[in-house]
Amino acid sequence: MFVPLRFLAMAALAVPLALLSPLRVQAQDLSDEEVEEVHDFIMGNIVFILFHEFGHALISELSLPVLGREEDAVDALATVLLLPDDPSEETDQMVMDAMDGWFLSDDYMVNEGEDPIMWDEHGLDLQRAYQVACLIYGSDPDGFSDLADSVELPEDRRETCLDDWDQAQSAWFGLLEPHILDEGVRSKGIQVIHEPAAPGLEEAADFLRETELIEVMATEVLSRFDIPERITVATTSCGEPNAFWDAEEARITICYELADFYRELIIEDIKNRSP
Ligand SMILES: [Zn+2]
0 MFVPLRFLAM AALAVPLALL SPLRVQAQDL SDEEVEEVHD FIMGNIVFIL
50 FHEFGHALIS ELSLPVLGRE EDAVDALATV LLLPDDPSEE TDQMVMDAMD
100 GWFLSDDYMV NEGEDPIMWD EHGLDLQRAY QVACLIYGSD PDGFSDLADS
150 VELPEDRRET CLDDWDQAQS AWFGLLEPHI LDEGVRSKGI QVIHEPAAPG
200 LEEAADFLRE TELIEVMATE VLSRFDIPER ITVATTSCGE PNAFWDAEEA
250 RITICYELAD FYRELIIEDI KNRSP
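The opening residue of the sequence shown carries number 0 in numbering that gives the first Met the number 0; numbering runs sequentially from there.
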C-alpha cells in the first residue's frame, strides 16, 4: 500500500477547512480582508506547530530513528504534511503562513533586541524560515518561483531545495509507511482537550476551540497513524508562547500564548505595511 504522506494532508485540509467557522478576532481597525488574514495566519502557524510536536510524538511513540537534528526533522515533517499533491488555496495559504511566521518571529526577536540563542536545540527562526521556504520551493519549483523570489532564496540554494524536498518526503514516508492505517480506518488514540484560559488569553482560547482546528487535524491527520499509546493534545495557558511534547504523559501541549503571539505578529506586520 503506497499512501504518500502528502495524501494524508490533502485529505485533511481540502475539505474540513472550508467547514471551519471563522471566529472574528477583535477588529483593531482592520478591514474584513485583514481580519481574514489574521485568522489564516494563526491557523497556518498553529497547524505547523501541531504537526511539529506530533513529529516528536511519532519519533518517541514509534521509536523512529532520526539522523541529524530532531528539530529540523520534525519541521520537515510539518512542511511535508502541509504540501499536498493536489494543493488548494487553503493548503498553500497555510504553508506560506507558517513560513512567514518564522520570518516575522525573527523580525520580532531582532526588534526586541534579543540575541540569537546559538546553543538552542532548534535552528534560529530565520534558518527555520528558509528551510521551510526551501522545501516549499523544492516541492514545486515552477509553482513557487515567485515565493522563492519574494524571500530572496539564492539561485544556488534553490537547486539543493529539490533534493531537500525529495529527501524529506522519502525519509519521512519510509519511516511512517508501516504505521499508516488503511484508508477509512482511524486510530481512537488521540484525544483533544481545551483547558481554561488565563486572563487575557480568552480570545486565543475561543479561537482554537470554536474553529475546531485541532480536532479537525487530530481526526484527519494524527489519527491516520497506528500509535500504541493514547495521545492527548491539550490547549492551555502556559505562561509563555510555546508548545511541547511530553513523552512521559504522552501529551502535546499548545499554549494559548502561542496563538496570541501569532495574532500580535501578523497585526503588527499589517500595520507596518500601511502607508
Ligand atoms: Zn520541537
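Ideal Cβ positions, reconstructed from N, Cα and C, are used throughout, including at glycine. All figures in this text were calculated on a predicted structure; none of them were measured in a lab.
C-alpha gap between residue i and residue j, whole angstroms
i	j	result
Ser149	Lys187	42 angstroms
Ala249	Phe50	15 angstroms
Pro240	Tyr255	7 angstroms
Pro198	Glu36	25 angstroms
Gln92	Ala167	21 angstroms
Gly173	Asp225	15 angstroms
Glu219	Leu125	30 angstroms
Asn44	Trp244	17 angstroms
Ile269	Glu33	8 angstroms
Ser236	Gly67	32 angstroms
Glu113	Ala147	27 angstroms
Val184	Glu214	17 angstroms
Glu209	Glu70	30 angstroms
Gly122	Trp101	11 angstroms
Met95	Ala204	23 angstroms
Arg275	Glu120	In the structure displayed, the chain extends from 0 to 274; residue 275 sits before or after that span and is not available.
Leu207	Tyr136	29 angstroms
Gly138	Met98	Sequence check: residue 138 is Ser here, not Gly. Going by the C-alpha atoms only, they are around 14 angstroms apart.
Ser144	Arg127	19 angstroms
Glu111	Leu29	24 angstroms
Gly142	Asp181	31 angstroms
Leu22	Leu200	Bear in mind that the predicted position of Leu22 carries a pLDDT of just 48, short of 50, making it too unreliable to give a figure here.
Pro177	Ala217	19 angstroms
Leu152	Thr90	21 angstroms
Glu211	Leu264	22 angstroms
Glu154	Leu221	36 angstroms
Distance cut-off 7 angstroms: residue i Cβ against heavy atoms of ligand 1
i	result
Glu239	no
His178	no
His51	yes
Glu70	yes
Val73	yes
His55	yes
Among the options, nearest to residue i - alpha-carbon criterion
i	options	result
Ala246	Glu219, Leu61 and His38	Leu61
Glu228	Leu57, Ile45, Glu33 and Val46	Leu57
Thr252	Ile192, Leu81, His178 and Ala203	Ile192
Ala170	Pro64, Ile41 and Glu33	Pro64
Ala196	Thr90, Asp155 and Asp259	Asp259
Ile179	Arg223, Asp39, Tyr261 and Gln190	Arg223
Thr231	Ser59, His121 and Gln190	Gln190
Leu175	Asn271, Ile48 and Leu80	Leu80
Ala242	Asp39, Leu29, Phe47 and Leu200	Phe47
His38	Glu202, Arg272 and Phe143	Glu202
Leu257	Ile41, Asp28 and Ile266	Ile41
Glu194	Ala233, Arg156 and Asn271	Ala233
Glu267	Leu103, Glu89, Thr90 and Ser59	Leu103
* Do three or more CB pairs link the segment 157-164 to the segment 49-64 at distances below 8 angstroms? -> No, the segment 157-164 does not touch the segment 49-64.
Taking three-plus beta-carbon pairs below 8 angstroms as touching, is the segment 60-80 in contact with the segment 119-132? Touching, per the Cβ criterion.
* Should the segment 81-91 be called in touch with the segment 107-114, which here means at least 3 C-beta pairs below 8 angstroms? -> For the pair of segments examined, the segment 81-91 was found not to touch the segment 107-114: the number of CB pairs separated by less than 8 angstroms stays below three.
To test your reading of the DSSP string, which unbroken alpha helix (DSSP H) runs of 4 or more residues are found completely within the segment 135-182? Every unbroken stretch of the alpha helix (DSSP H) spanning 4 or more residues and falling wholly within the segment 135-182 is given here in chain order: 144-149 and 154-175.
_Entirely enclosed alpha helix (DSSP H) segments - the segment 61-143, minimum 4 residues_ = Runs of the alpha helix (DSSP H) inside the segment 61-143: 69-80, 88-110 and 124-138.
Jot down the residue ranges of each uninterrupted beta strand (DSSP E) in the segment 184-244, minimum 3 residues, whole runs only, in chain order. Taking only runs of at least 3 residues, the beta strand (DSSP E) segments lying wholly in the segment 184-244 are 189-193 and 230-235.
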